[in-house]
Amino acid sequence: MRVNLDDALTLQKLDTVRALRDTDDYDKQFAEGWELASSLDVSSIKGPIESVFVLGTGGGSAASVNLVKSYLFDELPIPIQLNQGYSLPACVKETTLVIVVSHSGNTQEVVSAYEQAISANAQIVAITAGGKVLELAREHGHAHLLVPGGMMPRIVLGYIFLPILAVLTKLGLVEDKSGEVTETISLFSKLRELYHVQNPMAVNLAKQIASEMDGLTPVIYGTLPFFDAPAWRWKNQLGENSKVMAFWNAIPSLHHDEAVGWDAPAAMLKGFHFTLIRDAEDSDSMAKRVEISAEILRERAGAVRVVHSQGASRMARLFSIVYLADYVSLYTALIRGVDPTPVEVINLFKSKLGQPLVQVQVRP
Numbered sequence: 175m176r177v178n179l180d181d182a183l184t185l186q187k188l189d190t191v192r193a194l195r196d197t198d199d200y201d202k203q204f205a206e207g208w209e210l211a212s213s214l215d216v217s218s219i220k221g222p223i224e225s226v227f228v229l230g231t232g233g234g235s236a237a238s239v240n241l242v243k244s245y246l247f248d249e250l251p252i253p254i255q256l257n258q259g260y261s262l263p264a265c266v267k268e269t270t271l272v273i274v275v276s277h278s279g280n281t282q283e284v285v286s287a288y289e290q291a292i293s294a295n296a297q298i299v300a301i302t303a304g305g306k307v308l309e310l311a312r313e314h315g316h317a318h319l320l321v322p323g324g325m326m327p328r329i330v331l332g333y334i335f336l337p338i339l340a341v342l343t344k345l346g347l348v349e350d351k352s353g354e355v356t357e358t359i360s361l362f363s364k365l366r367e368l369y370h371v372q373n374p375m376a377v378n379l380a381k382q383i384a385s386e387m388d389g390l391t392p393v394i395y396g397t398l399p400f401f402d403a404p405a406w407r408w409k410n411q412l413g414e415n416s417k418v419m420a421f422w423n424a425i426p427s428l429h430h431d432e433a434v435g436w437d438a439p440a441a442m443l444k445g446f447h448f449t450l451i452r453d454a455e456d457s458d459s460m461a462k463r464v465e466i467s468a469e470i471l472r473e474r475a476g477a478v479r480v481v482h483s484q485g486a487s488r489m490a491r492l493f494s495i496v497y498l499a500d501y502v503s504l505y506t507a508l509i510r511g512v513d514p515t516p517v518e519v520i521n522l523f524k525s526k527l528g529q530p531l532v533q534v535q536v537r538p
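See the structure below:
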């Protein structure tokens with residue numbers, strides 16, 4: 175079943191938990207997230223800090239960490255690493271800052287690694303909406319921030335990205351970013367008018383890309399060192415929201431291996447939709463690589479789209495792509511008559527592992 179993306183009433187009926195509305199409200203979420211983050215007390219953290227490990231998995235936590243890493247690539251003076259597994263590496267010690275991120279507070283891998291961080295005497299900050307993570311933080315007197323719950327973890331970037339950034343700022347590792355946060359919030363408001371469900375496909379880039387992707391396998395290409403994270407996020411949102419297999423990579427590294435796959439049989443390449451991300455900070459060499467990639471792929475693939483980030487600051491530009499990607503992933507589900515919210519396969523894994531299932535409340 176192919177649904178008309180300009181039939182707003184049908185789309186809203188399919189969207190049972192109002193994911194479109196929550197996406198519309200990113201400006202409000204980021205404003206609240208920044209206010210919450212500003213209240214976080216990190217006085218319990220003792221320096222010096224030599225490295226940062228962030229414990230987190232999934233569309234909200236891991237995506238936020240990767241966005242922080244890309245955003246601060248040329249500013250953060252110490253290494254920052256995303257840890258998604260059950261275990262911590264041996265290098266975690268007293269001078270390691272461990273930021274524990276689990277929206278539910280019960281993510282099995284995060285709780286396991288958190289307990290190891292305690293044993294390693296690491297400096298710890300927790301960001302959560304409750305659960306075991308909150309219990310451990312309170313029990314051990316760790317700095318922690320309680321964020322709103324009841325939403326899909328993948329849609330709460332403002333409650334995760336901004337607190338992580340605030341921790342690094344409060345510890346003096348990076349400069350204050352209030353101005354960029356303000357610009358990003360303003361940009362969300364402007365982009366919402368372009369992408370929201372009432373805006374027709376003729377002038378709605380998000381709907382246009384979703385329509386192009388329908389029936390094809392999406393591949394998202396970002397650029398290093400800043401726009402690999404939005405590409406990774408876009409791919410994951412297509413998995414969780416759209417319920418389709420999708421892939422991602424980054425230029426220029428893919429030109430040394432994956433690009434050889436573009437020599438696949440024509441019938442195979444015609445089944446792929448490629449989206450390439452451009453940004454104002456791309457070097458001339460990088461811009462040329464993106465241009466050449468698009469040129470080659472247009473002769474072989476089912477469809478190719480080059481999208482450009484928007485905004486002045488790096489934060490705004492990063493989130494302009496994230497915001498577009500989120501809308502595209504929702505419309506890619508809805509055009510096929512699919513509710514974007516349920517995550518049945520994730521719940522299947524959780525049920526077999528004896529973990530609490532993902533439950534999302536419809537907010538008033």
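Letter by letter, the sequence shown follows residues 175 to 538 in my numbering. Backbone N, C-alpha and C define an ideal beta-carbon position, used for all residues, glycine too.
> Are Thr343 and Met489 touching if we call contact CB-CB under 8 Å?
Replying inline: Not in contact: Thr343 and Met489 (Cβ atoms no closer than 8 Å).
> Is His124 helix, strand or coil by DSSP?
Replying inline: Given a span of 175 to 538 for the chain in the structure shown, any question on residue 124 remains unanswerable.
>> Let me check understanding here. Comparing Cα to Cα, which of Ala499, His316, Leu527, Ile509 lies closest to Asp181?
In response: Checking every option, the nearest Cα to that of Asp181 belongs to Ile509.
>> For the beta strand (DSSP E) containing Asn257, name the first residue and the last one.
In response: Residues 254-257.
> How should Asp500 be labelled, buried or exposed, when 16 other C-beta atoms within 10 angstroms of its C-beta is the threshold for buried?
Replying inline: A residue is called buried once 16 or more other Cβ atoms fall within 10 Å of its Cβ, and Asp500 is buried on that count.
> Measuring CA to CA, which of Phe448, His370, Asp402, Met419 is closest to Gln186?
Replying inline: Comparing alpha carbon positions, the residue from Phe448, His370, Asp402, Met419 closest to Gln186 is His370.
> Mapping DSSP to helix, strand and coil, what is Ala440?
Replying inline: In the structure shown, Ala440 sits in a helix (DSSP, three-state: H, G or I).
> How about Gln297 and Ser261: do their beta carbons lie closer than 8 Å?
Replying inline: It is not a contact, given that the beta carbons lie outside the stated cut-off.
>> Any contact between the region 387-407 and the region 442-456? By contact I mean 3 or more CB pairs, one from each, below 8 Å.
In response: Here the region 387-407 lies against the region 442-456, with 3 or more beta-carbon pairs under 8 Å apart.
>> Taking only three categories from DSSP, how would you classify Asn410?
In response: Helix, per DSSP.
>> Pop quiz: Val307 and Val272 are said to be a contact at Cβ under 8 Å. What is the actual Cβ separation, rounded to whole angstroms?
In response: Not a contact, Cβ separation roughly 12 Å.
> Quick one: Cα of Val341 to Cα of Asn178, how far?
Replying inline: Whole-angstrom Cα-Cα distance: 44 Å.
> Can you tell me whether Thr190 is buried or exposed, with buried defined as 16 or more other CB within 10 angstroms of its CB?
Replying inline: Thr190 should be labelled exposed.
> Under 8 Å between the Cβ atoms of Pro404 and Leu492?
Replying inline: Yes, the Cβ-Cβ distance between Pro404 and Leu492 is below 8 Å.
> Apart from the five residues on each side of it in sequence, which residues of its chain come closer than 6 Å, Cβ to Cβ, to Lys381?
Replying inline: Taking Lys381 as the centre and dropping the five residues before and after it, the same chain places the C-beta of Leu179, Met375, Tyr505 closer than 6 Å to its C-beta, in chain order.
>> According to DSSP, simplified to helix, strand and coil, what is His482?
In response: His482 falls in the strand class under three-state DSSP.
> Would you call the CB atoms of Gln484 and Gln282 closer than 8 Å?
Replying inline: Taking 8 Å as the cut-off, the Cβ atoms of Gln484 and Gln282 do not count as close.
> Whose C-beta lies closer than 8 Å to the C-beta of Glu386 among residues of the same chain, with five residues either side of it excluded?
Replying inline: Correct list, in chain order: His447, Ala477, Arg479.
>> Quick check: Phe436 and Ile470, are their CB atoms within less than 8 Å of each other?
In response: At residue 436 the sequence reads Trp, which differs from the Phe that was named. Yes, Cβ-Cβ distance for Trp436 and Ile470 is below 8 Å.
> Cβ atoms of Val299 and Ile223: under 8 Å apart, would you say?
Replying inline: Their beta carbons are not under 8 Å apart, which means Ile223 does not touch Val299 by this criterion.
>> Judging by CA-CA distance, which residue of Lys202, Val418, Ser467, Ala420 is the nearest neighbour of Ser427?
In response: Restricting attention to Lys202, Val418, Ser467, Ala420, the CA atom closest to the CA of Ser427 is found in Ser467.
>> Suppose the cutoff is 6 Å on Cβ atoms and the five residues either side in sequence are ignored; what does the same chain contact list for Ala211 look like?
In response: Around Ala211: Leu336, Pro337, Ala340.
> Whose C-alpha, out of Asn373, Ala486, Lys462, is nearest the C-alpha of Leu194?
Replying inline: It is Asn373.
> Nearest to Glu309 by CA position, among Leu379, Ser278, Ala461, Asp201, is which residue?
Replying inline: Nearest C-alpha to Glu309: Ser278.
> How would you label Met442, buried or exposed, when you count the other beta carbons within 10 angstroms and need 16 or more for buried?
Replying inline: Under this definition Met442 is an exposed residue.
>> Am I right that Leu331 and Ala237 are in contact with their C-beta atoms under 8 Å? What's the rounded C-beta distance?
In response: Right, the Cβ-Cβ distance comes to about 7 Å (below 8 Å), so this counts as a contact.
>> Considering only the alpha carbon of each residue, which of Gly233, Gly207, Arg312 lies closest to Thr356?
In response: A check of alpha carbon separations from Thr356 across Gly233, Gly207, Arg312 identifies Gly207 as the nearest.
>> Assuming contact is defined by CB atoms lying nearer than 8 Å, are Leu250 and Leu347 in contact in what I supplied?
In response: Cβ atoms of Leu250 and Leu347: closer than 8 Å.
> Is it true that the CB of Val464 sits closer than 8 Å to the CB of Leu450?
Replying inline: Yes, the pair counts as a contact, with Cβ atoms nearer than the cut-off.
> Does the beta-carbon of His316 have 16 or more other beta-carbons within 10 angstroms, so that it is buried, or is it exposed?
Replying inline: Here His316 is buried: its Cβ has 16 or more other Cβ atoms, across all protein chains shown, within 10 Å.
> Is Met419 buried or exposed, if buried means 16 or more other CB atoms sit within 10 Å of its CB?
Replying inline: By the neighbour-count criterion, in which a residue is buried when 16 or more other Cβ atoms sit within 10 angstroms of its Cβ, Met419 is exposed.
> Given that a residue counts as buried once 16 or more other Cβ atoms are within 10 Å of its Cβ, and exposed if not, what is Asn410?
Replying inline: Classification of Asn410: buried, given that the 10 Å Cβ count is 16 or more.
>> At the level of alpha carbons, what is the spacing between Ala475 and Ser459?
In response: For Ala475 and Ser459, the distance between alpha carbons rounds to 23 Å.
> Distance, Cα to Cα, Ala311 vs Ile254?
Replying inline: Cα atoms of Ala311 and Ile254: separation of roughly 21 Å, rounded to the nearest angstrom.
>> Taking a contact to mean a Cβ-Cβ separation below 8 Å, would you say Pro152 touches Ser235 in this structure?
In response: A query on residue 152 cannot be resolved here, the shown segment of the chain reaching from 175 to 538 and no further.
>> If I follow the unbroken alpha helix (DSSP H) through Val284, where does it start and stop?
In response: That run of the alpha helix (DSSP H) goes 282-293.
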